[in-house]
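So the protein lines, in turn, are chains Z and C.
Residues 73 to 516 in this note's numbering are what the first sequence lists, from first letter to last.
Residues 56 to 244 in this note's numbering are what the second sequence lists, from first letter to last.
To start, the structure itself, in structure tokens.
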Amino acid sequence: MTRSLARLTCIALLAPFAAGIRPAAAQDTNQVNEGVRVGVEYQPGVQPGLIVLPGTGLDSLRAIVGRDLDYTDRFRVIILRDVASASEGRGGSEGGSVNYGIYRTFGAEFGVELTETAGAVTVRLHDLNAGQVRNQQSFTLPPATDPGYRLEVHRMADEVARWATGTPGIAASRLMLVSGGRVYRVDSDGEALTPLTPAGQTALSPAWSPEGGRFAFTQLGQGRGPVVVQSLGGGAGVPVPGTTTALNITPTFSPDGRLVAYAHSDENGTDIYLANVADRCCAQRLTVGRFADNLSPTFSPDGRRIAFVSTRAGPPQVYVMATDGTDQELLAPFDYGATGSSNAPEWSPDGANVVFHREVAGSPQLFVVDVSGRRVRQLTSAGRNEDPTWGPDGRHITFVSDRSGIRQLWVIDVETGRVRQLKTPGAARLPAWSRRLSRTAVAP
Amino acid sequence: MRATSLLLVLATAGLAAACGGKPAPEQPAPEPTPAPAPAPAPVDDSAERDRLERERMAREASERGRAVAADLAAMINFEYDQAAVRQTDQATLDKKAAILAANPNVRVQISGHADERGSDEYNLALGNRRAGAAKRYLENKGIDGARLEVVSYGEERPLNAGHDEAAYAQNRRDEFQVTAGGDNLVAPQ
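Here's what the structure looks like:
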């Protein structure tokens with residue numbers, strides 16, 4: 073009697089959460105689209121329900137993991153808020169078997185169980201329909217006060233996503249952004265905002281090295297400035313060859329981390345150069361714009377092509393070339409005189425797409441062009457949306473939007489259209505998203 | 056007693072004259088006021104008249120210098136996403152060309168700026184192109200390009216913090232800053 077009452081209460085509490093959590097499938101709207109869930113085998117476009125099972129202790133850990141899994145947009149994450157459900161689901165016995173039936177009634181197909189055992193955290197992924205543990209692993213975490221703690225928890229969550237879907241999550245990645253002239257880094261969930269460049273300077277356009285241990289950025293002085301490569305572990309920055317005169321903007325690393333492409337602006341215009349930062353030599357000019365500008369280079373993941381912006385036809389549009397500057401052609405089709413300016417391209421990690429922003433009725437909006445078919449698709453429509461950067465999974469994009477009233481960072485899932493804010497204290501712009509960060513490459 | 060009062064009056068008058076303050080730099084210079092002649096005895100005042108004449112000439116020269124400097128520093132503006140010098144700004148640049156020709160030691164930094172619309176990074180290139188356009192115009196008027204330095208701030212330094220077309224129009228600009236030879240500017244003939 074008491075039990076079924078508790079259960080009823082629990083379901084009543086859960087219902088609004090379960091309904092509200094369903095992500096929107098339409099692009100950049102809040103429309104709810106109830107998809108059909110067919111079972112525990114992960115299929116793209118289908119979001120199995122997932123419950124982070126309640127338990128004793130580890131509350132903050134559960135909160136981080138639950139949020140990380142939610143942000144993958146591959147699950148419908150159900151948060152249990154009623155402690156009664158803990159004993160309910162466990163059948164009352166501490167450490168006993170999970171009561172699969174009751175979690176299935178919440179519409180869940182996966183259950184993630186976190187338990188603390190002798191200085192380690194054991195994670196079990198339960199297949200609730202099959203009624204068995206699908207994967208389990210013990211993770212040794214640093215103390216919660218350790219600067220590396222959060223990244224380790226994110227790695228754990230990414231592993232759970234891999235068990236369930238075959239693709240790891242993206243929580244163990246970070247972003248860089250510019251706020252008040254400084255470059256900051258921030259965890260993928262918006263936590264642990266940390267400045268990387270000093271106050272009182274104007275730093276712009278941060279770019280990650282592929283391994284995640286360095287970054288390049290423009291140090292804007294009195295109307296000019298170098299591109300500087302700096303270690304995330306600290307230390308002085310080193311100017312990229314060829315950038316110690318005039319104005320040097322929009323740096324990007326080659327996929328092997330040895331080269332930096334950037335745009336050099338002087339009285340002859342703005343053109344793209346490629347310098348070897350591994351051997352510290354040899355800035356090579358890739359474009360000859362004369363009085364047209366060429367800027368914002370971005371490498372294909374195989375390192376053979378560079379997409380970039382050029383004003384050769386008038387307004388800026390997105391082009392592509394070989395990394396030696398030959399074979400230049402239009403990438404994103406446009407109608408001359410009708411299509412708005414297009415800027416800030418970034419090649420997706422899987423190589424299939426290039427995201428950029430394009431003016432529509434006076435406001436920039438995100439667009440994606442698929443590299444093989446050259447079809448252009450609009451992703452956003454609410455407010456001004458610009459300066460996109462791909463997440464490590466090639467389906468999430470962080471961008472700048474003024475939809476909150478000031479320019480801040482937002483994340484869109486290209487597959488579902490779900491948009492969430494990456495909360496930062498103030499205004500933020502020019503985001504750059506890292507790849508998944510390995511333990512060896514990155515300082516905590 | 057009477058002598059003391061007279062002295063006080065004179066001293067007060069002198070103080071008032073001394074405290075009259077400098078004229079604001081933008082105001083036309085007032086006519087030099089003749090100093091009161093407290094002593095009834097005739098004196099030779101030619102030295103005083105020379106001094107006043109020199110002061111007047113210096114003041115007029117610096118007025119002219121200020122006007123020349125203002126012409127040299129006058130901004131020009133641009134249409135949205137354009138870097139072409141507008142016809143209405145050609146006279147402004149022609150004045151600068153004449154001044155630069157008359158003052159061969161003057162060097163100028165031209166900084167290009169953009170409004171906040173458009174891509175942040177693209178605006179740096181656009182500002183650069185705007186500064187370059189003014190430089191080419193002056194070169195075509197015979198000014199040595201080595202005296203003209205081009206820099207760009209993109210949208211990073213707006214003149215007007217507003218978010219409307221009036222503010223944008225002000226922010227799309229070239230600024231001209233004298234970096235050398237700016238003392239004793241000579242007006243062109």
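For every residue, glycine included, the Cβ atom is placed at its ideal position computed from N, Cα and C.
All values reported here derive from a predicted model rather than from experimental measurement.
Sequence-distant residues of its chain with Cβ nearer than 6 Å to residue i (five each side left out)
i	result
THR324 (chain Z)	ALA279, ALA333, PRO369 and THR370
ARG377 (chain Z)	VAL392
TYR172 (chain Z)	LEU200 and GLY203
THR144 (chain Z)	ALA233 and GLY241
ALA116 (chain C)	none
ALA500 (chain Z)	LEU249, SER251, GLN480 and LEU481
SER435 (chain Z)	ARG456
ALA335 (chain Z)	ILE321, THR322, THR342, ILE344 and LEU367
Residue i - containing alpha helix (DSSP H), residue span
i	result
GLN294 (chain Z)	Careful: GLN294 (chain Z) lies outside any alpha helix (DSSP H) and carries neither H nor E.
SER101 (chain C)	101-128
GLY252 (chain Z)	First-last for GLY252 (chain Z): undefined, no H or E at that position.
ASN178 (chain C)	175-195
Cβ shell of residue i (< 7 Å), same chain only, five flanking positions each side left out
i	result
VAL432 (chain Z)	GLY412
ARG212 (chain C)	HIS168
ALA521 (chain Z)	As displayed, chain Z neither begins before 73 nor continues past 516, which places residue 521 (chain Z) out of reach and without an answer.
GLY314 (chain Z)	HIS336, TYR345, ALA347 and ALA355
VAL205 (chain C)	ILE165, ASN183, ALA186, GLY187 and LYS190
Local Cβ density within 10 Å of residue i, reported as buried at 16 or more and exposed below that
i	result
MET228 (chain Z)	buried
PHE471 (chain Z)	buried
ARG184 (chain C)	buried
SER210 (chain Z)	exposed
THR217 (chain Z)	exposed
MET248 (chain Z)	buried
PHE363 (chain Z)	exposed
ALA190 (chain Z)	exposed
THR461 (chain Z)	buried
PRO28 (chain Z)	In the structure displayed, chain Z extends from 73 to 516; residue 28 (chain Z) sits before or after that span and is not available.
VAL108 (chain Z)	Reliability fails at VAL108 (chain Z), whose pLDDT of 37 lies under 50, so the model's placement of it is uncertain and the value that follows must be treated cautiously. That one is exposed.
GLY76 (chain C)	Model confidence at GLY76 (chain C) stands at a pLDDT of 43, short of 50, so the residue's coordinates are unreliable and nothing is read from them.
SER453 (chain Z)	exposed
TYR175 (chain Z)	buried
ILE469 (chain Z)	buried
TYR192 (chain C)	buried
Cut-off 8 Å between Cβ atoms - residues of its own chain near residue i, not counting five sequence neighbours on either side
i	result
THR317 (chain Z)	ARG296 and ASP338
GLY375 (chain Z)	SER326, PRO327, ASP328 and THR395
ARG254 (chain Z)	PRO267, LEU268, THR269, PRO270, ALA271, GLN273 and ALA275
SER444 (chain Z)	ALA424
Residues that residue i bridges to, as DSSP identifies them
i	result
GLY167 (chain C)	C:SER207 and C:ASP229
ARG377 (chain Z)	Z:ALA394
VAL170 (chain Z)	DSSP, once it has assigned bridges, lists no residue as partnering VAL170 (chain Z).
PRO436 (chain Z)	Z:GLU431
ARG206 (chain Z)	In the DSSP output, where bridge partners are listed per residue, ARG206 (chain Z) has none listed.
SER444 (chain Z)	None; SER444 (chain Z) has no bridge partner.
ASN239 (chain C)	None; ASN239 (chain C) has no bridge partner.
CYS354 (chain Z)	None, per the DSSP bridge assignment.
Delimiting residues of the beta strand (DSSP E) encompassing residue i
i	result
HIS336 (chain Z)	331-338
TYR143 (chain Z)	Here TYR143 (chain Z) belongs to no beta strand (DSSP E); instead the alpha helix (DSSP H) covers 131-143.
ALA243 (chain Z)	Here ALA243 (chain Z) belongs to no beta strand (DSSP E), and DSSP marks it neither H nor E.
THR143 (chain C)	Unbroken run through THR143 (chain C): none, as it is neither H nor E.
HIS218 (chain C)	From DSSP, HIS218 (chain C) is part of no beta strand (DSSP E); its letter is neither H nor E.
VAL491 (chain Z)	491-494
GLY183 (chain Z)	182-189
ASN415 (chain Z)	414-419
VAL124 (chain Z)	121-124
GLY341 (chain Z)	341-348
Interface partners of residue i on chain C, CB under 9 Å
i	result
LEU367 (chain Z)	GLU176, TYR177, LEU179 and ALA180
VAL381 (chain Z)	SER174, GLU176, TYR177 and ALA180
THR528 (chain Z)	Here chain Z comprises residues numbered 73 to 516, so residue 528 (chain Z) is not present and cannot be evaluated.
Contact set between residue i and chain C, taken where Cβ atoms lie within less than 7 Å
i	result
THR342 (chain Z)	ALA180 and ASN183
ILE378 (chain Z)	Going along chain C, no residue has its Cβ under 7 Å from ILE378 (chain Z), so there is no contact; the nearest lies around 16 Å.
SER277 (chain Z)	GLU176
ALA416 (chain Z)	SER174 and GLU176
LEU292 (chain Z)	GLU211
ALA504 (chain Z)	Neighbours of ALA504 (chain Z) on chain C: none; closest Cβ ~12 Å, over 7 Å.
Interface partners of residue i on chain Z, CB under 7 Å
i	result
TYR208 (chain C)	GLY295
Chain C residues whose Cβ lies nearer than 8 Å to that of residue i
i	result
ARG501 (chain Z)	ASP175
PRO126 (chain Z)	Chain C residues near PRO126 (chain Z): none, gap ~46 Å exceeds 8 Å.
ALA350 (chain Z)	Correct list: empty, because the minimum Cβ distance to chain C is about 25 Å.
Chain Z residues whose Cβ lies nearer than 8 Å to that of residue i
i	result
ASP136 (chain C)	PRO387 and SER413
LYS190 (chain C)	GLU339
Cβ of residue i within 8 Å of any chain A Cβ
i	result
ILE321 (chain Z)	No chain A is part of this structure, whose protein chains are labelled Z and C.
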